[in-house]
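Everything below concerns the one structure shown next.
Residue numbers (my numbering): 950 to 1106.
Shown next, in the form of structure tokens:
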């Protein structure tokens, strides 16, 4: 299985991707827990059906010490007891921020208020940026049919 496009082989695309990847690296430096970042990135990627990003963020989370149980339960986080209230708020924000067309309302006031209860303005900004960047990366990989399975933890960071 090969991707339709190799973005890094196209000079103009590589130049633009450099900035997108740089933004992703900068997010890791923001005061949002690394575990929360990986759980959010994984959930957004699951919703979008991006195999390459599910592969990447599962492996990055595991390399950072995340448990197999929690990784396996991200897709069903509402019914799982292994996530904190703050993580649940971040996952709810990630879902609504990804499924904007499904409800045609974007992120509800209730979900935003719950997230704001657990995260300060800088962390909320990081969450919004993370969800947005993940959705962009997911779409690029889905359109080009970039396969999952070969990612090595730390490969892009």
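All C-beta atoms, glycine included, are put in the ideal place defined by N, C-alpha and C.
Keep in mind that this is a model prediction, so the values were computed, not measured.
From 986, 1090, 1017, residue whose alpha carbon lies closest to that of residue 1068: 986
Buried versus exposed, by CB contacts within 10 Å (16 or more), residue 1090: buried
Own chain, CB closer than 6 Å to residue 1028, minus 5 neighbours either side, in chain order: none
Where residue 1033 falls, given that 16 or more other Cβ within 10 Å makes a residue buried: exposed
Cβ contact (3+ pairs, closer than 8 Å) linking the region 1031-1046 and the region 953-969: no
Close beta carbons around residue 957, own chain, < 6 Å, minus the five adjacent residues each side: 963
Within 8 Å, strictly: CB atoms of residue 1083 and residue 993: Yes, the Cβ-Cβ distance between residue 1083 and residue 993 is below 8 Å.
Helix, strand or coil at residue 977 [DSSP, three-state]: coil
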